[in-house]
Amino acid sequence: MGPMQAATESIETATNFYTRDLDALTEEQILGCAGGVARKAVDFTYEVALINIRIASRLRGVEPPAWPATEGFVSAPDELLSKAAILEYFAASTAEILTAAKAIPEEEAGKLVGPEGKQDPAFKMASFAAMHTMYHDAQLNFIQSLAGDGGMHWF
Numbered sequence: 062m063g064p065m066q067a068a069t070e071s072i073e074t075a076t077n078f079y080t081r082d083l084d085a086l087t088e089e090q091i092l093g094c095a096g097g098v099a100r101k102a103v104d105f106t107y108e109v110a111l112i113n114i115r116i117a118s119r120l121r122g123v124e125p126p127a128w129p130a131t132e133g134f135v136s137a138p139d140e141l142l143s144k145a146a147i148l149e150y151f152a153a154s155t156a157e158i159l160t161a162a163k164a165i166p167e168e169e170a171g172k173l174v175g176p177e178g179k180q181d182p183a184f185k186m187a188s189f190a191a192m193h194t195m196y197h198d199a200q201l202n203f204i205q206s207l208a209g210d211g212g213m214h215w216f
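Here the numbering used here is used: the first residue of the sequence shown is 62, the next is one more, and so on.
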């Protein structure tokens, strides 16, 4: 298995885990703010999707969409403030990054992508998407546990 295949398989696994955990939450848990100060699941899911879209652009060799103008963390726009909408947006972003990553032949896995001075090999950038998704999946798991749900939703 080459580095691009490993990266795409990691993205697929992380996407599967994240989707199952997000779907296991209620809409209230997705839109709510645990403890009154924690980031909302809808907002960090939006962030994960934005990062996926940006990495997909980099892998295709094009400039990614501008980062939403914000101070601090991004917040999901009004049209994504439902469980169904954020699940769909996340799914579309992962389809986009997987398409871009799978289009890179193994012999080009080490090609540098990204802006000058901040470039990474393509496989490393794709691998970051999986790691970033799993980082935020842990936040979903924590929200589940705060609500008394200790189940494993991945299987």
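Ideal Cβ placement from N, Cα and C applies to all residues, glycine included.
| Query | Result |
| --- | --- |
| Classification of T131 by the beta-carbon crowding that lies within 10 angstroms, buried from 16 upward | exposed |
| For E167 and S136, the rounded distance between their alpha carbons | 36 Å |
| Inter-residue CB distance, E70 and L159 (contact presumed, cutoff 8 Å) | The pair is not a contact, with the Cβ atoms about 10 Å apart (cut-off 8 Å). |
| Straight-line Cα distance separating A183 from K163 | 11 Å |
| Nearest residue (CA-CA) to E108, options Q200, G96, V123 and G178 | Q200 |
| Given L148 as reference, the closest of T80, S118 and P138 once Cα atoms are compared | T80 |
| Proximal residues to K144 (C-beta, below 6 Å), its chain only, five neighbours per side dropped | E88 and I91 |
| Distance between E169 and L34 (C-alpha atoms, nearest Å) | Given that the chain is displayed from residue 62 to residue 216, the structure contains no residue 34 and the question cannot be resolved. |
| Distance between E140 and R100 (C-alpha atoms, nearest Å) | 18 Å |
| P120 burial status per 10 Å Cβ neighbour count (16 or more: buried) | In the sequence as displayed, the identity of residue 120 is Leu instead of Pro. It counts as buried. |
| Counted within 10 angstroms of its Cβ, other Cβ atoms place A156 as buried (16 or more) or exposed | exposed |
| Continuous alpha helix (DSSP H) stretch holding A117: start and end | A102 to R121 |
| Residues near L173 in its chain [Cβ-Cβ closer than 6 Å; skip 5 each side] | Q180 |
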